[in-house]
Structure formats: structure tokens, C-alpha cells
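Take a look at the structure set out below.
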Amino acid sequence: DESHFLKNMKTARCKAAHPLLQAAKRLLLLSGTPAMSRPAELYSQIAVLQPKLFPNFHDFGVRYCAAKR
Numbered sequence: 021d022e023s024h025f026l027k028n029m030k031t032a033r034c035k036a037a038h039p040l041l042q043a044a045k046r047l048l049l050l051s052g053t054p055a056m057s058r059p060a061e062l063y064s065q066i067a068v069l070q071p072k073l074f075p076n077f078h079d080f081g082v083r084y085c086a087a088k089r
């Protein structure tokens, strides 16, 4: 619950939670908070659920955040 707390990969909370979440056999992220205004804030949650989908933030940014190559 409250997966939106993982929106910033630089925070101590996210750094501590990431290895635990990656080691889990099953994972379900929930939040009652509406999606954030910036797609970049969803990257850390997606990276935990499907790390192969976007192996790095830059690839995600290029596709969803109008980042430059």
C-alpha cells in the first residue's frame, strides 16, 4: 500500500525498499493516491514490477517523458 512513496529513486525509503521488493516472489503495488502529474514519477514503481521493461530511466524518459536521446 502507498506505493506512491516510491516515486523518487534517490530517497532513502526507495533505496531501502527496492532490494526487498525485487527479492519478493509476488508483488502488488497499491496506492489510493491518484497518478502523479509527471510520468517520470512512475518509473521507480514500474522498474520494481517489470525491470526488463525499461532497464534504465533514460529509455523510459525517451518513450514517455519527451526526453532527448
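Residue numbering for the sequence shown follows our numbering, beginning at 21 and increasing consecutively.
Glycine included, every Cβ here is placed at the ideal spot set by N, Cα and C.
- For the pair lysine 88 and serine 64, the CB atoms are not nearer than the 9 Å cut-off.
- Judged by DSSP secondary structure, leucine 49 falls outside any alpha helix (DSSP H); it is assigned neither H nor E.
- Proximity of the segment 33 to 44 to the segment 63 to 79 meets the contact definition, three or more beta-carbon pairs being nearer than 8 Å.
- Distance from the CA atom of glycine 81 to the CA atom of lysine 72, rounded to whole angstroms, is 15 Å.
- For cysteine 34, the closest of Glu61, Ser57 and Pro54 by C-alpha to C-alpha distance is Glu61.
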